[in-house]
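> Dropping a structure here in structure tokens format, bear with me for questions.
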Amino acid sequence: MVDLSVNLNGLVLKNPVITASGTFGYGSEFDDFIDVSRLGGIILKGITAEPREGNPYPRMAETASGMLNSVGLQNKGIGHFISEIYPVVSEYDTQVILNVNGNNIDDYVKVAGLVSGLGKINAIELNISCPNVKMGGMAFGTVRQSAREVIRAVRNVWNRHLMVKLSPNVTNITEFAVIAEEEGADSVSLINTLLGMAVDSESRRPRLATVTGGLSGPAVKPVALRMVWQVSRAVKIPVVGLGGIMNAADAVEFLIAGASAIQVGTASFIDPDISVRIIDGIGDYCRRHSLSRVTQITGSLEL
Amino acid sequence: MTRQIRDVKVLNNREISKGVFILDLSTGLVDAAIEPGQFVQVKIEGSRETFLRRPFSVHDYDASTGILSLLVQVAGPGSLKLSGAGKGDSLNIVFPLGNSFTLPLNGERVLLVGGGCGVAPLLYLGKRIRKAGIEPQFLLGFRESRSVLETGEYELVGKVSITTEDGSMGEKGFVTQHSVLSVDSFDRIYCCGPEPMMKAVAAYALRTDTWCEVSLEHLMACGFGVCLCCVVDTTAGNLCTCTDGPVFNIKNLKW
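Chains as they are written, first to last, in our numbering: chain A, -11 to 291; chain B, 163 to 417.
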């Protein structure tokens, strides 16, 4: 029997597979396809203090081995979450993680403060890396001082697990991971989407209404893997890896590169049951390699 | 029925017009409820250009045999690949997705308006309406006679009127100019086709105070309400075409 559980600095997951924010709704969208409670954790669609309508259509462009999106954090706000969604997600036997966003530090602090009253939420993922909002998001996660300030402010009001989601749209991502660690983050997750663009050559128009958007899917996997490897060597806190994971082998590669857990994102759009199949596949990998615990894979890259 | 991921077999694939194919799929299901207006997401394997699934309306469906048909117009790499599927091939689909058309009440007069391959969901809708004892009127618009799809199946279900933009078949002009609209009146209009056509039909329906539902096609990644990419601007804000639609009553759209 393989022990698939992982302990992220006190946050215990029954297995290292978490579904990524913005690709898993609030969980119940997947009830027809999988037993959501089998997952190590689910990270819910990003929440803001106030409701957001998001960006205009078109918000999606398929690209080679991936896709661009510019959804822009459409959500009904933390108030709606607490009254309507929290009671539903509380029923799942998995770690329910809230992805927290804001236009400014006060917004982040407000949401984190309100979530503190929700006993089932053991962790938040601080999103300082969304590329699709004009204010906040990536503006925080790509400037060192802003990143430090927002993490510090949220740390002051949130005493459970704090995961910070890092942007790849920086020169040196390890600097931001170190800042997160210095400010008391319990883990870092990376990567958020890479800022990209698609053009329709016939009409000469951008294929997204916002012109630019976030690239995800297998196209970004080598970049994500490299960053996970770099960050895992730069900080002591656990690293949660994501970016283009489509199957169990991809997931294992991130663990080998130094991730303690992984997130499945865009793949769930195509195969809504892929996250649980990845759990099974990681178990199979452990058995084939005679590993009794999945934690033995983390950081096992042979150089 | 519960949404599911399923491998289905291609029973038949025939080209009914240049670049337009009908694929009959054996779902292996018996008496499963799939409603007119719903759609399936088809995985297109083996190409980096077809990363995402492709959505197709349920063109026809027989619950007793479990055979589900798709109308596929070649428009890009995904539909091109799918058009080459042969008997016995396996396809992976997620279905049934989306809401469905609101069926008419007894004795109501029904108009089904389709444009080009937008006729896709109307055959199954027409069959269900006919089964409920109403003979629907089809009004199908095409660019020219060469692009007119075979109408034999529609004629078994209801009356069929055709328009072509160049007048090479049926009446000349757009569907909204067809004489059937001035001769008859309808209690319900159902419409699917290119957006300018649907907007023109919606404008006609509003002008004549007629109930009208349209089926929208928006770019989507997932098809089950999580990517939030396929939104449409409605009186209730941004809604997902895939789960709140694809069928919308025009009074809820900001057209």
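All C-beta atoms in this analysis are idealised placements derived from N, C-alpha and C, irrespective of residue type, glycine included. Fair warning: this is a prediction, and the values are worked out from it, not measured in the lab.
Could I get the ranges of all uninterrupted alpha helix (DSSP H) runs contained in the segment 68 to 137 of chain A, with 4 residues as the minimum, in chain order?
As far as the segment 68 to 137 of chain A is concerned, its whole alpha helix (DSSP H) runs of at least 4 residues are 74 to 77, 93 to 103, 126 to 129.
> Is the number of C-beta pairs between the segment 217 to 231 of chain B and the segment 278 to 291 of chain B that are closer than 8 angstroms three or more?
These segments touch.
> Can you look up Y14(A) in the DSSP assignment and give me helix, strand or coil?
DSSP places Y14(A) in coil when its eight states are reduced to three.
> Just verifying my parser: in three-state terms, what is the DSSP assignment at N175(B)?
If DSSP states are grouped into helix, strand and coil, N175(B) belongs with the strands.
> Between L302(B), G335(B), I291(B), T396(B), which lies nearest to E197(B) when the distance is taken from Cα to Cα?
Selected option, being the one with the closest Cα: I291(B).
> D186(B) and L173(B) look like a contact to me (Cβ under 8 angstroms); what is the Cβ gap, rounded to whole Å?
Yes, they are in contact, since the Cβ atoms of D186(B) and L173(B) sit about 4 angstroms apart, within 8 angstroms.
> Could you tell me whether the Cβ of N400(B) comes closer than 8 angstroms to any Cβ of chain A?
Interface residue, yes.
> Taking 8 angstroms as the CB-CB limit, is T313(B) close to chain A?
No, T313(B) does not count as interfacial toward chain A.
> Measure the CB-CB distance between F304(B) and L274(B) and report whether it falls below 8 angstroms.
No, the Cβ-Cβ distance between F304(B) and L274(B) is not below 8 angstroms.
> Is the CB of F263(B) under 8 angstroms away from at least one CB in chain A?
Closer than 8 angstroms: no.
> Please find out if some non-hydrogen atom of the ligand NAP comes closer than 7 angstroms to the beta-carbon of D272(A).
The model on display carries no ligand, and the ligand NAP is accordingly not part of it.
> Quick one: is R292(B) near chain A, going by C-beta distance under 8 angstroms?
No, no contact with chain A.
> Residue range of the beta strand (DSSP E) that R350(B) falls in?
350 to 354 is the extent of the beta strand (DSSP E) around R350(B).
> How would you list, in chain order, the residues of chain A whose beta-carbon sits under 7 angstroms from the beta-carbon of I351(B)?
By Cβ distance, chain A contributes nothing, its closest Cβ being about 24 angstroms from I351(B), past 7 angstroms.
> What are the boundary residues of the beta strand (DSSP E) that W373(B) is part of?
It spans 373 to 377 - the beta strand (DSSP E) in which W373(B) sits, taken as one unbroken run.
> Am I right that E113(A) and V88(A) are in contact with their C-beta atoms under 8 angstroms? What's the rounded C-beta distance?
Indeed, because the Cβ distance is near 7 angstroms, the residues count as touching under 8 angstroms.
> Any beta carbon of chain A sitting closer than 8 angstroms to that of R305(B)?
Chain A contact via Cβ: absent.
> Consult DSSP for F386(B) and reduce its assignment to one of helix, strand or coil.
DSSP places F386(B) in coil when its eight states are reduced to three.
> Can you name the residues of chain B whose CB is closer than 9 angstroms to the CB of N57(A)?
Chain B residues near N57(A): A383, C389, L390, C391.
> Under a three-way DSSP split, which group does K228(A) fall into?
First, the amino acid is wrong: residue 228(A) is Val here, not Lys. DSSP places V228(A) in strand when its eight states are reduced to three.
> Mapping the DSSP letters down to three states, classify L185(B) as helix, strand or coil.
Of the three classes helix, strand and coil, the one that applies to L185(B) here is strand, per DSSP.
> Just how far apart, CA to CA, sit Y352(B) and K416(B)?
Roughly 18 angstroms separates the two Cα atoms.
> Would you say V236(B) faces chain A, with C-beta separation under 8 angstroms as the test?
With 8 angstroms as the cut-off, V236(B) does not count as an interface residue toward chain A.
> With a threshold of 8 angstroms between beta-carbons, can A237(A) be considered close to chain B, or not?
So, not an interface residue.
> What does the alpha-carbon distance come out to for the pair S248(A) and V176(A)?
Approximately 10 angstroms between the Cα atoms of the pair.
> Determine the chain A residues that contact L242(B) at a beta-carbon separation under 8 angstroms, and present them in chain order.
Within 8 angstroms Cβ-Cβ: nothing; L242(B) doesn't reach chain A, min ~14 angstroms.
> Are the beta-carbon atoms belonging to V211(A) and I244(A) less than 8 angstroms from one another?
Taking 8 angstroms as the Cβ cut-off, V211(A) and I244(A) do not qualify as a contacting pair.
> Quick check on N160(A): buried or exposed, where buried means 16 or more other Cβ atoms within 10 Å of its Cβ?
Classification of N160(A): exposed, given that the 10 Å Cβ count is below 16.
> Could you round the C-beta distance between P260(A) and F18(A) to whole angstroms and report it? I think they count as a contact, below 8 angstroms.
Contact holds; Cβ gap of about 6 angstroms.
> Can a CB atom of chain B be found closer than 8 angstroms to the CB of D261(A)?
Yes, its Cβ sits closer than 8 angstroms to a Cβ of chain B.
> Among E211(B), R215(B), R308(B), V272(B), whose alpha-carbon lies nearest the alpha-carbon of P53(A)?
In the sequence under discussion, the amino acid at residue 53(A) is Ser, which differs from the Pro named in the question. Nearest option by C-alpha distance: E211(B).
> For T313(B), does the three-state DSSP call read helix, strand or coil?
Three-state result, T313(B): coil.
> Would you call the CB atoms of I85(A) and A111(A) closer than 8 angstroms?
A contact, by the Cβ cut-off of 8 angstroms.
> Which residue or residues does DSSP assign as beta-bridge partners of T396(B)?
Beta-bridge pairing links T396(B) to G399(B), L415(B).
> So I206(B) and G250(B) are supposed to be a Cβ contact under 8 angstroms. How far apart are they, rounded?
Not really, about 18 angstroms apart at Cβ, beyond 8 angstroms.
> Nearest to S256(A) by alpha carbon, out of M55(A), T36(A), V0(A), N(-3)(A)?
That would be M55(A), whose Cα lies nearest to the Cα of S256(A).
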